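Residue numbers (full-length UniProt numbering): 1 to 367. Step one of this worksheet: look at the structure below.
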Amino acid sequence: MSSDDSPSRTPDDTDNANAAADDRSTDARSPPTAERSASGDTSATGFDRIETRHAVGVAVILAVAAGLLVAPGVYGAVTGPDGTVAVVEIDGTIDSATAQHVEDNLRDARTNDSIEAVVLEVNSGGGLPAQSERMYAAVDRTASVMPVYAAVDTLGASGAYLAIAPADRIYVAPSAQAVGSVGVAGTAPAPSGPSAGTTGPDKRGSDPDTQRERRQTLANLFLENVLEQRGEEIELDREAIAHADAYLGTEAVENGFADRFGFVDGAVADAASEAGLNDYAVDTRRTESRIPGGIPLLEQDDGTVVVDGSKKQFGDGLILAVAPQAWDETVGDDVIMTSYTGQLPTDGDAADAMTDDTATVNRGDGE
């Protein structure tokens, strides 16, 4: 078709086409007024927006408040305590089971990274000297790496006092019945001559002087250990300490055998503070089975003493680090006991110093 055959457009036609195109473009960019507001009122849409924003704001405030309440608990649950204070019980007569219990738990405390301090919960009037020394060594070793406090309830005497002497601080109940008693006791020495079947005259028992000397040696070791650990705190001289008195709680704080009045909870709190723990857990280590109140003893016809049950024989006599207040429950009243002080001889002759005048014979009632 030639150009002449195409329809011609007038200016009016062109204007109308452009207007129509503009209308279509406007329709594509925005919806009809009826769709924007069903009621035809644009002010209603603004009000809805204000309400929506208000509701969102309230929700945000509630969420923040809930977070502030929950966050500390969640944080604490995640972080946990700063560390642990281990409470190790020393209860009843000190024997091999007691020493093993204390040694094992103190060893665990030293090797457990979460344990920062130890409190010894004490209620014991003493027991076997060697086992008391084992506990002494374990407490001394532990106190060199972390705070170790002791809290005495009723009894903390003789072998038990020796065991806790290396503690950094000793608390006692004001009404504690016996604290201290630095000395040992043993069965009354009796001569035991040779008999058929022995390979030497002293195989079944040494002479009384030798028995006394051995016990005095243990008493002196006891005294020296206490002086080494608490010599600066105790306001008594060597002779007074060696007298082996047991003190009430009030007396023990006054004369320096203990540092202050208090109980286990206070000792735990102070030990935690000393270790720098603001938030701490408490791990109490009690004996698996309650330690018996005493050591069952049998005295044989030849004067030797046997621990009933284990049948362990102590030869020419049993030596105990036991306070008089604990003799009844430890030994009973069937075996005659002789107490020995820890006073060192002044003339250098131990044998001459250990005569009958240096010992007093006591039965289980302490008479």
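Just so you know, even glycine gets a beta-carbon here, dropped at the ideal spot from N, CA and C. Since we're looking at a predicted model, the values are computed, not measured.
Nearest Cα to A269 within the set L128, V118, V88, E329: V118. Residue pairing by DSSP places V182 opposite no residue, since no beta bridge is assigned to it. DSSP, read as helix, strand or coil, puts L277 in coil. Taking all protein chains in view, the Cβ of E89 is crowded by 16 or more other Cβ atoms within 10 Å, so the residue is classified as buried. F263 and I170 have their C-alpha atoms roughly 10 Å apart. Annotated as distal: S124 and G83, with beta-carbon spacing of 8 Å or more.
The continuous stretches of beta strand (DSSP E) do not include I164, which lies in the alpha helix (DSSP H) extending over residues 159-164. Taking C-alpha positions only, G159 is separated from S132 by approximately 5 Å. In this structure, the straight-line span from the alpha carbon of R134 to that of A99 is close to 6 Å. Its Cα nearest to that of L120, the residue T284 stands out among E251, T284, S273. By the criterion of a C-beta distance shorter than 6 Å, A165 is surrounded in its chain by V226, Q229, R230, once the five residues flanking it on both sides are discounted. For R169, the uninterrupted beta strand (DSSP E) run begins and ends at 169-172, by DSSP.
Nearest Cα to G180 within the set S144, D104, P208, A240: A240.
Taking C-beta atoms as the reference points, A267 and Y149 count as a pair closer than 8 Å.
Residue I336 holds the alpha-carbon nearest to the alpha-carbon of T187 among M146, R214, V139, I336. In the DSSP assignment, G249 falls within the unbroken alpha helix (DSSP H) covering 249-255. Taking all protein chains shown into account, E233 has fewer than 16 neighbouring C-beta atoms within 10 Å of its C-beta and is therefore exposed. Within its own chain, the residues whose Cβ lies closer than 8 Å to the Cβ of V85, once the five positions on either side in sequence are excluded, are I115, E116, A117, V118, V119, V268, A271, A272, A275, L277, Y280, A281, V282, D283, listed in chain order.
Counted as a single uninterrupted DSSP element, the alpha helix (DSSP H) harbouring I241 occupies residues 238-242.
Around the Cβ of D333, a 10 Å sphere holds fewer than 16 other Cβ atoms; the residue is exposed. Taking the Cα positions, V139 is about 17 Å away from D259. The beta carbon of E103 sits closer than 8 Å to those of R134, M135, A138, all from its chain and outside the five residues before and after it, given in chain order. Residue pairing by DSSP places I115 opposite T84 in a beta bridge. Shown here, D245 sits in coil according to DSSP, grouped into three states, outside any helix or strand. Rounded to the nearest angstrom, the gap between the Cα atoms of A109 and P208 is 44 Å.
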